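Going by the UniProt record's numbering, the sequence shown opens with residue 1, and the numbers climb by one from there.
Ideal Cβ placement from N, Cα and C applies to all residues, glycine included.
It should be emphasised that the depicted structure is a prediction, and the values quoted were computed from it without experimental measurement.
As C-alpha cells, the structure follows; a few thoughts come after it.
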Amino acid sequence: MKKIKIKTLKLFERISKVIAPPPKLTISEWADNYRILSAESSAESGKWSTDRTPYQREIMDAVSYPDTEIVVIKSSAQVGKTEIINNIIAYHIDYDPAPIMMVMPTEGLAKTWSKKRLAPMLRDTPSLRCKVKESKTRDADNTILEKGFPGGYIAMVGANSPTGLSSRPIRILLADEVDRFPTTAGDEGDPLALAEKRTATFWNRKKVFVSTPTIKGISRIAKEYEDTTQEQWCIRCPVCGKFQPYEWSRIKFENVTMECKFCKEELTEYEWKAQPGKWISQLEDQKNLSKKKRGFHLNALASPWERWESIIDAFKDAKKDKEELKTWVNTYLGEEWEDNEGEGADYEVLFKRRETYNCQVTDDVLLLTAGVDVQDDRLEIEVVGWGYGKESWGIQYKKLYGDLEQSHIWNELDKYLDSEFYYSDGTPIKVMCTCIDSGGHFTTEVYRFVKGKENRRIFAIKGQGGTGKPLIGKPSRNNREKVYLFPLGVDTGKESIYARLNLDEEGPGYCHFPFEEDRGYSLDYFKSLCSEKRVLKYQRGVASFRWIQKYKRNEGLDLRNYATAAMQILNPNFEELRKMKGQVDTVTQKSTSTVKKRKKKRIVSKGI
Numbered sequence: 001m002k003k004i005k006i007k008t009l010k011l012f013e014r015i016s017k018v019i020a021p022p023p024k025l026t027i028s029e030w031a032d033n034y035r036i037l038s039a040e041s042s043a044e045s046g047k048w049s050t051d052r053t054p055y056q057r058e059i060m061d062a063v064s065y066p067d068t069e070i071v072v073i074k075s076s077a078q079v080g081k082t083e084i085i086n087n088i089i090a091y092h093i094d095y096d097p098a099p100i101m102m103v104m105p106t107e108g109l110a111k112t113w114s115k116k117r118l119a120p121m122l123r124d125t126p127s128l129r130c131k132v133k134e135s136k137t138r139d140a141d142n143t144i145l146e147k148g149f150p151g152g153y154i155a156m157v158g159a160n161s162p163t164g165l166s167s168r169p170i171r172i173l174l175a176d177e178v179d180r181f182p183t184t185a186g187d188e189g190d191p192l193a194l195a196e197k198r199t200a201t202f203w204n205r206k207k208v209f210v211s212t213p214t215i216k217g218i219s220r221i222a223k224e225y226e227d228t229t230q231e232q233w234c235i236r237c238p239v240c241g242k243f244q245p246y247e248w249s250r251i252k253f254e255n256v257t258m259e260c261k262f263c264k265e266e267l268t269e270y271e272w273k274a275q276p277g278k279w280i281s282q283l284e285d286q287k288n289l290s291k292k293k294r295g296f297h298l299n300a301l302a303s304p305w306e307r308w309e310s311i312i313d314a315f316k317d318a319k320k321d322k323e324e325l326k327t328w329v330n331t332y333l334g335e336e337w338e339d340n341e342g343e344g345a346d347y348e349v350l351f352k353r354r355e356t357y358n359c360q361v362t363d364d365v366l367l368l369t370a371g372v373d374v375q376d377d378r379l380e381i382e383v384v385g386w387g388y389g390k391e392s393w394g395i396q397y398k399k400l401y402g403d404l405e406q407s408h409i410w411n412e413l414d415k416y417l418d419s420e421f422y423y424s425d426g427t428p429i430k431v432m433c434t435c436i437d438s439g440g441h442f443t444t445e446v447y448r449f450v451k452g453k454e455n456r457r458i459f460a461i462k463g464q465g466g467t468g469k470p471l472i473g474k475p476s477r478n479n480r481e482k483v484y485l486f487p488l489g490v491d492t493g494k495e496s497i498y499a500r501l502n503l504d505e506e507g508p509g510y511c512h513f514p515f516e517e518d519r520g521y522s523l524d525y526f527k528s529l530c531s532e533k534r535v536l537k538y539q540r541g542v543a544s545f546r547w548i549q550k551y552k553r554n555e556g557l558d559l560r561n562y563a564t565a566a567m568q569i570l571n572p573n574f575e576e577l578r579k580m581k582g583q584v585d586t587v588t589q590k591s592t593s594t595v596k597k598r599k600k601k602r603i604v605s606k607g608i
C-alpha cells in the first residue's frame, strides 16, 4: 500500500511538471536562457549573454513590467539597440504571444530587416524555429513582411505606408529609427501617431520607440525622451565609489581616460568598464516619477564594441567638416545636433571676399565637377574645383542661351563639358563628373543628352525635398530613355553648402570664389547662391525644417548643389589624389628644368 502511494505521488509530480505554467521570465532572462545570435547578423555569434552588455538588461525588462507602457531609447550607434528589439520580438513569439508590429522608415528597410535580422534569428534559435514557418508565397500568414505564430503574428511595415500602419490591431508596437520617419504617411498624418492608434484596444499594450537622434527641434526621439524618466547609464567610480554617466566633456585625449565627476581622478576605459553600473534618472524632481513611460539614453562610450581611442580619432576627423561633425554627434554621443533656425549665408560678405586666382585652376584643386541647371530659354553651368578636405574653388559660372528643343544648344553644352581648363603652369584638367537637373520642362531632352555619356560621368539628377534624405540616393533606369537617374536630397545639400559658405578660415570645407570678371561670379550670382534660408515649421503638430526663398533667383544655389552631388558620386580619395599630384609635380619640376614648355599629363581620376 505504501509503495502504491509513493508511485501515485511521483505520478502526480510528473503530471504537475507537465501542466504547470512556465516560470515567469523577464525578457533578459528569456534571452539568457534561449536566444542564439546568428553568425551573419552579429559580430559575436552563439549563446546570448546580457552580462556582455549589462546596460541592456533594464531596458529589455522594462517592457516586461506591468506598470510600464512606453519605452524610449535615445542612443548612439553600436550599442546593440537592434538586438534589444530582436529579443523583445523573440520573447513575445515564444513566451508571451501577441500581435506585434515592427515599423521602420521605409518598406524597403523593413524587408531588409526581415531577411537579414529576423529570419536568421528564427532559424538559429531553437525555441522559435518550430513556431514560425519559412516564408512561402502561397502562405498568407508567412511572407517577408508578415510572420504568423501560435497566438499572434509580427507585421513589418514602412512608415511611408499608410495602409500598413492602419490595417490591424496590435499589442506590441516597435518603432525603429523614428527620426528617419517621414513627416506624414501619405495624406494621413504622423506615421508614429497612426501606429500608436493600433494599440488602443489592448489594456496591456507596449510601445517601444528607438532611434539615433538627428537635429534639435525636429528630432522625434528627443521629443519622446523629454516626457520620460530620462535615465542614463551610470558607472561607479573605482576610486570614490560614486555613480556617474559617461560624458564626452570629461574624456582626456592625451591619455585616453575619463575624469571622475567627483574625485577628479583620471581612469582608463578598462577601469571604468570593469565597474558595476545602473540606470539613474537625470531629472531634478523625482518625487512623482512615473514608471509608465521609461526613457533611456546611451552613448558609444559605454559600448563594448567601440574603443575610446577610436572614438577620439573619429572626432578629430569629423570636426574638420560640419556635416561630418553633426553625424559624429548623432551616432557616437546619441545626442541631437543643435542648428540655428534661419540658417543661410550673407551674399555681400561672400562677394567681398573674392580672390584673384591669376589662372583658371589653382594648384590646390585636385578634380573638377560641374552642375547644369535647365531653364526655359537657357542652360546655366557652374564648374567647381575640389581639393583636400572638400575645400572648393569656383572655376566658372556660365550661361548658354538658346532653344532647348533644338540640338544646337545641347551640342554647345557637350563641347563645353569636354573642354580643358588649365593650371598656372599650363597643365590641362577636365571635368570629371557632371550632374544635370531633369526636373523642369525639358526632361526628355536631358535624358537624351546624357544617354551614352555615362563613360564621361554625365548624369541626370532629380531633386527630392525633405530632412534626412541622403545627398545622393540609389540611381535607377526607370525612365523613358533608360538612363541613370540619381535622386538628389536637395535639403541635405543646402545644409552642407551653407555650412561651408559660413566658414571663415581657409582649409577643409572652405569655399573660394574668383575675382576675375570673366568667370561670371557677379553680385547677382552670390545673391542667387544665398537665396534661401531654413526655418522651423509645424505640420499637423510635427516640427520640421523648411527652406524658404529670400530672393527670386536661386540658380546659384542649385548649381552648387549639383556640382557637390557630382563630387559625391565620384567619392574621391582626396588623400590619394593629393599624393599623386605631389608625385606628378615633382616629376614635372625635374623635366621642365631640361625641357622648357613641356606639358605634363596630370593624373586625376585614378583610384576614384
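I569 carries a helical assignment under DSSP once its states are collapsed to helix, strand and coil. With three or more CB-CB distances shorter than 8 Å, the region 210-224 counts as touching the region 67-75. In the structure shown, E231 falls within a strand segment according to DSSP collapsed to helix, strand and coil. DSSP, reduced to helix, strand and coil, places I170 outside both helices and strands of the structure shown, so it counts as coil. As computed with DSSP, E382 is found in a beta bridge with G371, Y397. Judged by DSSP secondary structure, R500 falls within the alpha helix (DSSP H) whose first and last residues are 490-501. Taking a contact as a CB-CB distance under 8 Å, the pair E380 and E555 counts as one, their CB atoms being some 5 Å apart. In this structure, R307 lies away from Q275, with their beta-carbon atoms at least 7 Å apart.
Cβ neighbours of E269 within its own chain (closer than 6 Å, five residues either side excluded): W308. For S75, the secondary structure class from DSSP, reduced to helix, strand or coil, is strand. In terms of Cα proximity to K451, the closest of L118, I429, Y484, E336 is Y484. Non-local C-beta neighbours of A31 in its own chain, meaning closer than 6 Å and more than five positions away in sequence, comprise W48, N87, ordered along the chain.
Here S127 is near Y34, since their CB atoms are less than 7 Å apart. Setting aside the 5 residues that flank it on each side, W272 is surrounded in the same chain by I235, M258, each with a C-beta closer than 7 Å to its C-beta; the list follows chain order.
As DSSP reads the structure, R534 sits in a beta bridge with W547. Taking a contact as a CB-CB distance under 8 Å, the pair K206 and E69 counts as one, their CB atoms being some 7 Å apart. In this structure M121 touches A90 by the C-beta definition: roughly 6 Å separates them, less than 8 Å.
Fewer than three beta-carbon pairs drawn from the region 507-523 and the region 462-482 are found closer than 8 Å, and the two stretches are therefore not classed as touching. Within the same chain, and ignoring the five residues on either side of P213 in sequence, the residues whose Cβ sits closer than 7 Å to its Cβ are K74, D179, S219, I221, A222, N330, G334, E335, E336. For Q360, same chain residues with a beta-carbon under 7 Å away, outside a window of 5 residues either side, are I395, F421, Y422 in chain order. Less than 7 Å divides the Cβ of A98 from the Cβ of I172. Counting along the chain, Q56 sits inside no beta strand (DSSP E); it lies in the alpha helix (DSSP H) bounded by residues 55-64. Between the beta-carbon of V132 and that of I85 there is about 16 Å, and that puts the pair past the 8 Å contact cut. Secondary structure at T214: coil, using DSSP grouped into helix, strand and coil. Per the C-alpha coordinates, the member of I436, V384, D403, T443 positioned closest to K430 is V384. Contact between the region 236-250 and the region 108-116 is absent: fewer than 3 CB-CB pairs across the two stretches fall below 8 Å. Fully enclosed alpha helix (DSSP H) runs of no fewer than 4 residues occupy 269-273, 308-318, 322-328 of the region 265-348, in order along the chain. Each of E265, N561, K322 was checked against the Cα of V372, and the nearest Cα belongs to N561. Counting the other Cβ atoms within 10 Å of the Cβ of Y401 gives fewer than 16, which makes it exposed. Residue range 81-94 is occupied by the alpha helix (DSSP H) that includes Y91.
For the 7 Å CB-CB criterion, D437 and V374 form a contact. Counting C-beta pairs with one atom in each stretch, the region 463-478 and the region 401-418 have fewer than three that are closer than 8 Å, which means they do not touch. With contacts defined by Cβ atoms closer than 7 Å, P514 and Y521 form a contacting pair. Relative to the Cα of C530, the nearest Cα in the group L557, I548, D504 belongs to L557. Cβ neighbours of E355 within its own chain (closer than 8 Å, five residues either side excluded): H512, F513, P514, F515.
Cβ-Cβ distances below 8 Å link E405 to F442, E445 in the same chain, with the five nearest sequence neighbours on each side left out; the list follows chain order.
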